[in-house]
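Data first, discussion second: the structure below is written as structure tokens.
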Amino acid sequence: MTDDIRKAFPILQETINGHPLIYMDNAATTQKPRQVIDAISRYYLHQNANVHRGVHTLSQKATDLFEASREEVRS
1239 MTDDIRKAFP ILQETINGHP LIYMDNAATT QKPRQVIDAI SRYYLHQNAN VHRGVHTLSQ
1299 KATDLFEASR EEVRS
């Protein structure tokens, strides 16, 4: 199970001095799983616009994604 979790985080495939990376500074920064990195990348590549600030298509798309995300977290 631990190996499956580690595989989801690309940075945890790194080695330091020949040893697997163990990251314990989560209070400062948490590492991101591949699915989060991919979602952020898709956003910046295809939907990067201000949320609730524009009337153009990209802004509306970004707003829709933002609101859908909020609803998913809420439920």
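Residues in the sequence shown are numbered from 1239 upward in steps of one, following the numbering used here.
Quick reminder that beta carbons are idealized off the backbone N, C-alpha and C, glycines included.
Small disclaimer: the values here were computed from a predicted structure and weren't measured.
Contact check for Pro1271 and Phe1247: beta-carbon distance about 5 Å, within the 8 Å limit, so the pair qualifies.
Two segments are said to touch when three or more pairs of C-beta atoms, one from each, lie closer than 8 Å; by this definition the segment 1266-1286 touches the segment 1243-1257. The segment 1254-1263 and the segment 1272-1292 do not touch, with fewer than 3 CB-CB distances between them shorter than 8 Å. With respect to Ala1300, Val1289 sits close: the two C-beta atoms are nearer than 8 Å.
Taking the CA atoms as reference points, Thr1253 sits about 45 Å from His1294.
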